[in-house]
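K.L.:
Numbering (the numbering used here), first residue to last: 3 to 209.
For each residue, glycine too, the CB sits at the ideal point set by N, CA and C.
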């Protein structure tokens, strides 16, 4: 139904410089139609039977001289947007978008301009930020895991706000040994005690 509606809109006289060369009912069929017709632009629905639009896009974008692909969907979950971009999509358009806006997106995509609506841009930025936070957390954990176990324990307890005396009592060692552990950890990771505390915070390490 959506496919027929868009075909009618694009096929109207006012848009006769844009021509519909084919339609498909699923991702697998879309790939074959695109190979046969070599369009400049593809409006790809995400939710389709047999093969979804994202998997189809990945295959299409790997073809020689691939067309620009705009993803057409009624939902904008961030993981879908990420997958679409990774597959090679150059735009993300809502099915509820004004038809004139869709036509404008098609024209701009033909000119090589990336087309993402405001909502999908916000989801994509949030996803990128989330990925960066995850990356920083994993890097911090890797550094902490590189420490000998006793040194790491002293660092984690220190980051919780324990004094050297409290750490010593908790670990059944002397305060002097606590200081030695913390100094050694700081030297290994090239940071001071405050830096170690920030590292633990960034790692979101749970004892």
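Assuming residue 52 is part of the alpha helix (DSSP H), what are its boundary residues?
P.N.:
That residue, residue 52, is in no alpha helix (DSSP H); it is neither H nor E in DSSP.
K.L.:
Measure the C-alpha to C-alpha separation of residue 139 and residue 24 and round it to an integer number of angstroms.
P.N.:
Going by the C-alpha atoms only, they are around 47 Å apart.
K.L.:
Starting from residue 157, trace the alpha helix (DSSP H) both ways and give me its first and last residue.
P.N.:
Unbroken alpha helix (DSSP H) run through residue 157: 151-161.
K.L.:
Please classify residue 67 as buried or exposed, where buried requires at least 16 other C-beta atoms within 10 Å of its C-beta.
P.N.:
Result: exposed.
K.L.:
Flag this pair as touching only if the region 96-115 and the region 54-62 have three or more C-beta atom pairs under 8 Å; answer yes or no.
P.N.:
At 8 Å Cβ cutoff, the stretches do not touch.
K.L.:
Nearest by alpha-carbon distance to residue 185: which of 50, 35 and 150 is it?
P.N.:
Taking only the C-alpha atoms, the option nearest residue 185 is 150.
K.L.:
For residue 62 and residue 43, which I take to be in contact (beta-carbon distance under 8 Å), what is that distance rounded to the nearest angstrom?
P.N.:
At roughly 11 Å, the Cβ-Cβ gap does not stay under 8 Å, so residue 62 and residue 43 are not in contact.
K.L.:
Buried or exposed, going by whether 16 or more other CB atoms sit within 10 Å of the CB of residue 183?
P.N.:
When all chains shown are included, residue 183 counts as buried.
K.L.:
Can you pull the DSSP bridge partners for residue 253?
P.N.:
A question about residue 253 goes unanswered here, because the residues of the chain that appear run from 3 up to 209.
K.L.:
The alpha helix (DSSP H) with residue 182 in it runs from where to where?
P.N.:
Residues 177-191.
K.L.:
Taking the CB atoms as reference points, tell me whether residue 35 and residue 49 lie closer together than 7 Å.
P.N.:
Not closer than 7 Å, so no.
K.L.:
Can you tell me whether residue 71 is buried or exposed? The criterion is at least 16 other CB atoms within 10 Å of its CB, across all chains shown.
P.N.:
The residue is buried, with at least 16 neighbouring Cβ atoms inside 10 Å.
K.L.:
Keeping to the same chain, check which residues put their C-beta closer than 6 Å to that of residue 15; ignore five residues upstream and five downstream.
P.N.:
Residue placement at residue 15 is poorly supported in this model, since its pLDDT is 41, which falls under 50; the coordinates are not used for a value here.
K.L.:
Does DSSP classify residue 148 as helix, strand or coil?
P.N.:
Looking at residue 148 - three-state DSSP - the assignment turns out to be coil, as it is neither helix nor strand.
K.L.:
Going by DSSP, what residues sit across from residue 61 in a beta bridge?
P.N.:
BP columns for residue 61 are empty, so no partner.
K.L.:
Cα separation between residue 208 and residue 198?
P.N.:
Approximately 15 Å, taken between the alpha carbons.
K.L.:
Look at the Cβ atom of residue 111, then the Cβ atom of residue 93, and state whether they are nearer than 7 Å.
P.N.:
Against a cut-off of 7 Å, the Cβ pair of residue 93 and residue 111 comes out as a contact.
K.L.:
Under 7 Å Cβ to Cβ from residue 51, same chain only, skipping five residues before and after it: list those, please.
P.N.:
Answer for residue 51: 28, listed in chain order.
K.L.:
Does DSSP classify residue 20 as helix, strand or coil?
P.N.:
If DSSP states are grouped into helix, strand and coil, residue 20 belongs with coil.
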